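Beneath this line is the structure, given in structure tokens, with notes to follow.
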Amino acid sequence: MAANVLWHGTQTEALELLEALSRNCSCVMTAEGVRVTTCAPHEMLSTDQRAVDGLLFARRIAQRLRSEEQVPSQTVGLSELA
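So for the sequence shown, our numbering puts the first residue at 46; every next one is plus one.
What follows is the structure in structure tokens.
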């Protein structure tokens with residue numbers, strides 16, 4: 046059964062994902078360019094819609110979470126309580 050995984054991100058996000066995937070791909074190809082084995086990341090991207098959506102969600106929320114980590118927390122000193 047073939048899975049129909051759809052990319053719900055932008056073209057730029059897709060290109061950046063493919064670039065990251067190409068750096069980590071361990072698929073085995075013949076000299077003619079025929080894929081002999083498929084690596085786990087390629088398998089996931091072609092069969093698991095939930096994982097693909099999760100990657101996109103994590104990518105989009107990551108910057109917000111990083112910026113929230115950098116916001117100094119407001120602390121109340123003892124002199125301000127008196």
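Just so you know, even glycine gets a beta-carbon here, dropped at the ideal spot from N, CA and C. What you are looking at is a predicted structure, and each value in this text was computed from that prediction instead of being measured.
First through last residue of the alpha helix (DSSP H) which encompasses Thr92:
Ala85 to Thr92
Using DSSP bridges, identify the partner residues of Arg109.
Looking at the DSSP assignment, Arg109 forms no beta bridge with any residue, so it has no partner.
(Q) Restricting to runs no shorter than 4 residues, where is the alpha helix (DSSP H) found entirely within the region 46-86? (A) 56-69
Task: Sub-7 Å separation of Val73 and Val79 beta-carbons - done: no
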